[in-house]
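A short worksheet on the structure shown next.
If you want it as structure tokens, here you go:
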């Protein structure tokens, strides 16, 4: 079998190690983490963790680490030598590997301007702890970016009674995830919770103003605020891969088995870029589900096991007491079927006659059915989808 070294102790890295053991891998597995602690669930950080001062991080794999997986924390890898099959640590030590798994995730994008004002990010436990503490003394928060993280933090702040302004460069919320015909519903949900939006706007300066800060916008408007949060996305940590001459394209290019251009090196989670034959494009996904699925595929490949199917992307976001779920590739659709109820909404997306995605607000059961359809390559007729009397589950059986 041989030694497996996993660089990155986040969700994807830890799940790779756990899945290797599940598949029966008996040789040494070592995880090298840059942070000072073990892996933890990131999704709660921008939601329940922020609004609950007593909440502890949700740790991943703690029992398994104690038993049969080696975890080295506060450990930085500075180089990969594919020709010698070893990595180099910041201490100068070289560690050999038979298989190397890169799970280095991403880093928060830096603001394209200089300011001495403290800017809060939302990526690590430490980020969440700092923001949670700052929220205790804040009356107004300004969030840069109306993506998933920005909107989740906004909802958490409103739960704590903090006024919120959001500044978004684009023209709609969650522009990377939601089609133009669904985004307005999420926008309206936040407006109903008194979020102040500044769309198609950019920040030109941030300065201190007494005990607070002034955020100046391109339009000439300024916002007085106590707390500034950046939610403008991440940049994949591909530096090690690039220096090792692995193929990179907005992430580390991998095959369907998560192998890089060097077959003994794998990439999983936020940094893995796969070619999507359906849409003739490369895609890199950032989600809890993607971290788990790519980790499982890499582990199965290393163990020579049957490769599990990973056909349809999916993620969720909880905002206020609403649950949003996105399935597949709704941005690629040319036709939409809406199914609305009193407390839920479902949009089903097709390209031609093919079912390619869905977006749901408080309709998780419908998403589960549609997910099974897509994984089984079932595309119901447009007439059946448009008929509210036809239950989705009946279409799955058909």
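Residue numbers (full-length UniProt numbering): 1 to 398. Every residue, glycine too, gets a C-beta built ideally from N, C-alpha and C.
- By the C-beta criterion, the stretch 333-349 is judged to be in contact with the stretch 383-391, since at least 3 inter-stretch pairs fall below 8 Å.
- Contact between residue 247 and residue 260 is confirmed by a C-beta separation of about 7 Å, below the 8 Å threshold.
- With a threshold of 16 other beta carbon atoms within 10 Å, residue 160 falls short and is exposed.
- Sixteen is the threshold: when 16 or more other Cβ atoms of the shown chains lie within 10 Å of the Cβ of residue 19, as they do, the residue is buried.
- In the DSSP annotation of this structure, the continuous segment of the beta strand (DSSP E) that includes residue 94 starts and ends at 94-96.
- The beta carbon of residue 146 sits closer than 6 Å to the beta carbons of 166, 168, 173 from its chain, once the five residues preceding and following it are set aside; these are given in chain order.
- In this structure residue 136 is exposed. Its beta-carbon is surrounded by fewer than 16 other beta-carbon atoms within 10 angstroms.
- Here residue 100 carries a strand assignment [DSSP, helix/strand/coil].
- Listed as beta-bridge partners of residue 198 by DSSP are 167.
- Residue 186: member of the alpha helix (DSSP H) spanning 183-192, first to last residue.
- Note on geometry: alpha-carbon atoms of residue 213 and residue 151 lie some 21 Å from one another.
- Runs of alpha helix (DSSP H) with 4 or more residues, each lying fully within the stretch 74-152, are found at 125-135, listed in chain order.
- Here the stretch 358-365 makes contact with the stretch 319-327; the two share three or more CB pairs at distances below 8 Å.
- Each residue's CA atom was taken as its position, placing residue 164 and residue 369 some 36 Å apart.
- With 16 or more other Cβ atoms inside 10 Å of its own Cβ, residue 236 counts as buried.
- For residue 360, the pairing in a beta bridge is given by DSSP as 325, 346.
- Taking C-beta separations shorter than 8 Å and ignoring five residues to either side along the sequence, the partners of residue 201 in its chain run 167, 168, 169, 217, 218, 219, 221, following chain order.
- Burial check for residue 270: the Cβ neighbour count within 10 Å reaches 16 or more, so the residue is buried.
- DSSP, read as helix, strand or coil, puts residue 276 in strand.
- The distance from the Cβ of residue 374 to that of residue 229 is about 35 Å, inconsistent with a contact at the 8 Å cut-off.
- Its chain contains 179 as the residues whose beta carbon lies nearer than 7 Å to that of residue 331, once the 5 sequence neighbours on both sides are disregarded; these appear in chain order.
- Rounded to whole angstroms, the separation of the alpha carbons of residue 215 and residue 224 is 6 Å.
- Within its own chain, the residues whose Cβ lies closer than 6 Å to the Cβ of residue 28, once the five positions on either side in sequence are excluded, are 3, listed in chain order.
- Counting the other CB atoms within 10 Å of its CB gives residue 232 a total of 16 or more, which places it among the buried residues.
- Here residue 320 has 155, 158, 159, 189, 193 as same chain residues with Cβ atoms under 8 Å from its own Cβ, once five neighbours each way along the sequence are excluded.
- Cβ neighbours of residue 25 within its own chain (closer than 8 Å, five residues either side excluded): 1, 4, 299, 302, 303.
- DSSP, read as helix, strand or coil, puts residue 295 in helix.
- A straight line joining the alpha-carbon of residue 44 with that of residue 36 spans about 19 Å.
- Taking the C-beta atoms as reference points, residue 13 is found nearer than 9 Å to residue 101.
- When Cβ pairs closer than 8 Å are counted between the two stretches, the stretch 111-127 is seen to touch the stretch 204-213, the count reaching three or more.
- Residue 97 holds the alpha-carbon nearest to the alpha-carbon of residue 83 among 124, 97, 71.
- Rounded to the nearest whole angstrom, the C-alpha separation of residue 89 and residue 244 is 14 Å.
- Cβ atoms of residue 140 and residue 119 stay farther apart than 8 Å, at about 15 Å.
- Taking 9 Å as the cut-off, the beta carbon of residue 308 is found no closer than this to the beta carbon of residue 289.
- In this structure, the straight-line span from the alpha carbon of residue 125 to that of residue 57 is close to 7 Å.
- Residue 268 is a Cβ neighbour of residue 16, given a cutoff of 9 Å.
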